[in-house]
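Reviewing the structure listed below.
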Amino acid sequence: MAQDSGFDFFGFGDKLAGEREVREKFWRTAKKAARQIPFMEDVVAAYYCTMDKNTPLRAKGILVAALGYFVLPVDFIPDFVLGLGFTDDIAVLTAAITTVSAHITPAHRQAAKQAIADKS
1 MAQDSGFDFF GFGDKLAGER EVREKFWRTA KKAARQIPFM EDVVAAYYCT
51 MDKNTPLRAK GILVAALGYF VLPVDFIPDF VLGLGFTDDI AVLTAAITTV
101 SAHITPAHRQ AAKQAIADKS
């Protein structure tokens with residue numbers, strides 16, 4: 001799925017973060033957003049879902065695109081805007097997680113709980 005040049009999601013590879021970029025930036029962004037995103041455990045579970053080789057390509061693509069939007073420094077509403085910064089990220093993540101929720105397994109959720117406990 002991912003190549004060195006990044007993940008090309010429907011031809012928007014230059015605008016969306018690839019799987020590698022999501023991996024590199026996810027935890028840094030997650031720490032900044034943890035207080036503002038009430039369903040952070042679901043976001044972390046979605047992250048683990050993208051890393052699972054058993055997750056279907058379509059589901060991975062949706063999640064990588066949403067998580068890429070989450071970790072990109074430039075988006076519709078910049079993350080540093082107090083009170084509004086993560087609202088667009090929340091909307092994108094909610095839509096993606098809802099769409100592929102059947103592929104987010106109990107193992108992904110357990111890994112998310114453990115990771116959040118370890119990072120706290």
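In full-length UniProt numbering, the protein residues as written are 1 to 120. Backbone N, C-alpha and C fix where the C-beta goes; we use that ideal spot for every residue, glycine too. As the structure is a computational prediction, the values presented were derived from the model and not from experiment.
Quick check: the Cα distance between residue i and residue j, rounded to an integer number of angstroms?
{"i": "residue 22", "j": "residue 98", "result": "19 Å"}
{"i": "residue 28", "j": "residue 48", "result": "15 Å"}
{"i": "residue 111", "j": "residue 39", "result": "15 Å"}
{"i": "residue 52", "j": "residue 107", "result": "10 Å"}
{"i": "residue 57", "j": "residue 31", "result": "27 Å"}
Classify residue i: buried if its beta carbon has 16 or more other beta carbons within 10 angstroms, exposed otherwise.
{"i": "residue 95", "result": "exposed"}
{"i": "residue 60", "result": "buried"}
{"i": "residue 46", "result": "buried"}
{"i": "residue 15", "result": "Legend: pLDDT at residue 15 = 39, less than 50; position of this residue unreliable, value from coordinates given subsequently. Answer is exposed; the Cβ neighbour count stays below 16."}
{"i": "residue 93", "result": "buried"}
{"i": "residue 19", "result": "buried"}
Tell me where the alpha helix (DSSP H) around residue i begins and ends.
{"i": "residue 99", "result": "87-99"}
{"i": "residue 34", "result": "Looking at the DSSP string, residue 34 is not in any alpha helix (DSSP H), and its letter there is neither H nor E."}
{"i": "residue 118", "result": "106-119"}
{"i": "residue 42", "result": "40-51"}
{"i": "residue 65", "result": "57-71"}
Pick out whichever of the options has its Cα sitting closest to the Cα of residue i.
{"i": "residue 121", "options": "102, 56, 103 and 69", "result": "With the chain running from 1 to 120 in the structure shown, residue 121 is simply not present."}
{"i": "residue 102", "options": "42, 89 and 67", "result": "42"}
{"i": "residue 105", "options": "24, 37 and 55", "result": "55"}
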